[in-house]
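Protein sequence lines correspond, in order, to chains A and B.
Position 215 of the first sequence, counted from 1, bears residue number 1276 in our numbering, the numbering being contiguous throughout.
Position 27 of the second sequence, counted from 1, bears residue number 128 in our numbering, the numbering being contiguous throughout.
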Amino acid sequence: MIEIENVTKVYGMGDVEVRALRGVNLKIEQGEMVALMGPSGSGKSTLMNILGCLDQPSTGTYVLDGLEVSKLTDNRLAEIRSRKIGFVFQTFNLLPRASAIANVELPLIYSGGRGKGRAREALERVGLLRRADHRPSQLSGGEQQRVAIARALVNRPSIILADEPTGNLDSKAGAEIMAIFEELNRQERITILLVTHDQDVGNMSQRIIRLKDGIITGEEIVREAVR
Amino acid sequence: MKLFDSLVVALKALTANKLRSALTLIGLVVGVSAVIILMSVGRGVQASITSAVSDLGSDVLYVMPGRPMENPLMAGMAAMGSIDALTWEDAQAIERSADAPSVEDVASVVTTLVEVVAGRESRLVELDGTTPNFSQIINYQVDRGIPFDQGHMQSRANVVVLGDKVAETLFEDSDALGQNVKINGIKFRVIGVLEKKGSVMGQSQDDVVLMPLTTALARITQGLTPQGQHIIGSMLVRAAGPDEVDNAKEQITDILRKRHRLQEGDDSDFNISSFEEILAIVGTITGVMTLFLASIAGVSLVVGSIGVMNIMLVSVKDRTREIGIRRAVGAKRRDIMIQFLVESATLSFSGGLIGLAIGWGVAQLITAMGKEFGIGATISPDIVILAFSVAVGVGLFSGIYPATRAARLDPIEALRFE
């Protein structure tokens, strides 16, 4: 469960202060599928980075699964990313020289979880096991994103954060990716948080949260979460 | 993250960019092998000089004309242009004197460069006119024939003993024994050939002709002092034992000062040094030389390690995005740091290893090829350990800064890096 209260984020850029978040309150239950929407500069990437424990709020609190993470050390944050969070990026962010399976294994190096077994399982989950030895350059965009999802899954996270996951894909591949997210959410009750521009993508989630100029401006329930 | 994983990651990263890694390696390889080669050659030269000098024995004193100087080798050089003279009569006086109980034996030597002719062959060699006891004092052995003796001395016989190399060049296949050679147009009979001694620092010790001192004084050098005494080049004195060396030195000094009519307070016009002293100076000179060579090689090692730092910095920059990805999936700063440190350590370790192999190989080659000239390379474990640990040390050290930079990267910035 994600709970943030009065979170602000201020970047000092020389003399100019950029207030990326200006007091955000948000609660996301375990097993929800939520879309975060808003124009560029609305602060949604900043919020995403804080939720993903890549960044920390300037003020306010962030409680993840009962743990106050806004005050944790860099090392502890890395551990939480390793154990609880999976990232999926718009540009896939796979290691270009490594095979699909090696990319999926990457988080296991840092979590201490060993063996190809879990990586193969994760690749199987996204239907790419037969492409395990292909390099990213030998895969289509949709396939690369599926490898990235497998990588996000391999440590069995409670949350997957996806930043514009369909932004670089055609609509067919995009739909496939969304189908995988939906399935993961429904079958394994993984919390999915999507950042997107695309209203269609937003509509596939259960709840849309709209962000503008660093504050939440609106919220709409698309459908009831599967409980 | 386990060290084994780091090693695998490092190897993958290094093999992913083979040319770059190889070029970086070359710098280290050159540095390490240069240190090993130059230091072992330095040591080899030192060892061969030391063994040549110590062949002469620790109870032998070397008396030369010329004013004493701090450095006996320099004194020897000064003596060449000196008007101060030692004479055979001086040597005989020391040998006979009751005031020199610590002196056991005195050999006189007069040395000059001559052309030795046999038939159509000729050779420019060092001629030593000396007393028969010379060979016992400095370890010359006659291989074939006989050494000259007191009888030859008294009769000023025209006989010579040839060094191995001289005999070989002048007479090739035929035996030199009993043949005649000509020096300054005078005929000499070859009565002996010396045992082969080899070379020290490319200088053959077999390129020598020995003849009785009296013969040399009468027919070749013919140098006389104004008082009509026979000028000799040097004396070799054997003390009664290693413990008597200092006493012998004192006694010889007293006798010679008296004979040369030196007043109290005058500088001596001769110079006595023991071979131990010469050895110590040779040791210092070659030690300095070795150190000098090593520091030149050390510079290339430093350059090599700068190469490692350079390439690691480039590598960190190149892989900024990769670092971001690794951080996002759970790598700690420490993991990133270790990854790059292991990478530079692997580089420098393999560079050190290859450099070691090449350095060792070349040193062996030098030893094999230089045998003829008395040049050898002595590889001792301390050189190997030094070169290798310096390579790995500087490699690791040059990895620290790039690795720290990699670890400090902000994951968000790194992920955004194009």
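Ideal Cβ placement from N, Cα and C applies to all residues, glycine included.
Being a predicted model, the structure only gives us computed values, none of them experimental.
Would a check of beta-carbon distances place residue i closer than 7 angstroms to chain B?
| i | result |
| --- | --- |
| N1154 (chain A) | yes |
| L1133 (chain A) | no |
| M1074 (chain A) | no |
| S1201 (chain A) | no |
| I1063 (chain A) | no |
| A1057 (chain A) | Missing from the structure shown is residue 1057 (chain A); chain A here goes from 1062 to 1288 and no further. |
| N1164 (chain A) | no |
| N1067 (chain A) | no |
| R1179 (chain A) | no |
| A1139 (chain A) | yes |
| L1222 (chain A) | no |
| R1186 (chain A) | no |
| R1158 (chain A) | yes |
| I1170 (chain A) | yes |
| L1167 (chain A) | yes |
| N1264 (chain A) | no |
| L1115 (chain A) | yes |
| R1207 (chain A) | no |
| R1142 (chain A) | yes |
| N1110 (chain A) | yes |
| N1086 (chain A) | no |
| N1246 (chain A) | no |
Near residue i, what residues of its chain come up, given a Cβ to Cβ distance below 6 angstroms and the 5 sequence neighbours on each side ignored?
| i | result |
| --- | --- |
| Q280 (chain B) | V291 |
| G230 (chain B) | V211, M312, L314, A317 |
| I459 (chain B) | S134 |
| A341 (chain B) | S203, E205 |
| E1166 (chain A) | A1180 |
| A148 (chain B) | T479 |
Starting from the C-beta of residue i, find all residues in its chain whose C-beta is less than 7 angstroms away, skip the five residues before and the five after it, and write them out in chain order.
| i | result |
| --- | --- |
| S183 (chain B) | With a pLDDT of only 47 at S183 (chain B), under the threshold of 50, the placement of this residue in the model should not be trusted; the figure read from the coordinates follows. Counting only Cβ-Cβ distances below 7 angstroms, and skipping sequence neighbours, we find P166, G167. |
| P248 (chain B) | P233, S236, V262, G293 |
| S275 (chain B) | none |
| A1213 (chain A) | G1147, F1148, V1149, I1221 |
| R1284 (chain A) | Q1267 |
| D308 (chain B) | V226, E227, G264, K266, V267 |
| Q440 (chain B) | S107, V110, A111 |
| S1294 (chain A) | With chain A running from 1062 to 1288 in the structure shown, residue 1294 (chain A) is simply not present. |
Could you spell out where the beta strand (DSSP E) holding residue i opens and where it closes?
| i | result |
| --- | --- |
| I287 (chain B) | 287-295 |
| T1120 (chain A) | 1120-1125 |
| M1074 (chain A) | 1063-1074 |
| V110 (chain B) | First-last for V110 (chain B): 104-117, but that is the alpha helix (DSSP H), not the beta strand (DSSP E). |
Could one say the Cβ of residue i lies closer than 7 angstroms to chain A's Cβ atoms, at least one of them?
| i | result |
| --- | --- |
| A515 (chain B) | no |
| A117 (chain B) | yes |
| P512 (chain B) | yes |
| D106 (chain B) | yes |
State the beta-bridge partners of residue i as determined by DSSP.
| i | result |
| --- | --- |
| H331 (chain B) | B:L325 |
| D206 (chain B) | B:R339 |
| A219 (chain B) | B:E222 |
| E1281 (chain A) | A:I1269 |
| A1223 (chain A) | A:V1149, A:L1255 |
| E273 (chain B) | Answer is none; E273 (chain B) lacks a bridge partner. |
| W187 (chain B) | Just to set this straight, residue 187 (chain B) is Leu in the shown sequence, not Trp. Answer is B:I333, bridged to L187 (chain B). |
| E227 (chain B) | B:L214, B:V309 |
| M165 (chain B) | B:N372 |
| G246 (chain B) | B:G293 |
| I284 (chain B) | B:V217, B:I287 |
| V260 (chain B) | B:R290 |
Can you tell me where the alpha helix (DSSP H) holding residue i begins and where it ends?
| i | result |
| --- | --- |
| E1234 (chain A) | According to the sequence provided, residue 1234 (chain A) is Ala. The question's Glu does not apply to it. Unbroken alpha helix (DSSP H) run through A1234 (chain A): 1232-1249. |
| M470 (chain B) | 434-471 |
| N1110 (chain A) | 1105-1112 |
| A1081 (chain A) | Careful: A1081 (chain A) lies outside any alpha helix (DSSP H), inside the beta strand (DSSP E) at 1077-1089. |
| L487 (chain B) | 482-509 |
| Y1171 (chain A) | 1161-1172 |
| A1096 (chain A) | Counting along the chain, A1096 (chain A) falls outside any alpha helix (DSSP H), though it belongs to the beta strand (DSSP E) covering 1094-1098. |
| K298 (chain B) | Note, K298 (chain B): premise wrong, no alpha helix (DSSP H); not H, not E. |
For residue i, collect the residues of the same chain with a Cβ closer than 8 angstroms to its Cβ; drop the 5 residues on either side in sequence, then sort them by chain order.
| i | result |
| --- | --- |
| I397 (chain B) | A135, L139 |
| I437 (chain B) | I424, R427, R428, A504, A507, A508, L510 |
Nearer than 6 angstroms: is that true of the beta carbon of residue i relative to any heavy atom of the ligand GTP?
| i | result |
| --- | --- |
| E227 (chain B) | For the structure depicted, the ligand GTP is absent and the ligand set is empty, with no information on it obtainable. |
Using a Cβ-Cβ distance cut-off of 7 angstroms, determine whether residue i contacts chain C.
| i | result |
| --- | --- |
| I1063 (chain A) | Going by chain labels, chain C is absent from the structure shown, which instead holds the protein chains A and B. |
Residues within the segment 418-435 of chain B neighbouring chain A, beta-carbon criterion of under 8 angstroms: Going along the segment 418-435 of chain B in chain order, one finds R422, E423, G425, I426, R427, R428, A429, V430, G431, A432, K433, R434, R435 with a Cβ nearer than 8 angstroms to chain A.
Using a Cβ-Cβ cutoff of 7 angstroms, what residues of the segment 1221-1242 of chain A are near chain B? List them in chain order. Interface annotation for the segment 1221-1242 of chain A against chain B: empty, criterion Cβ-Cβ distance under 7 angstroms.
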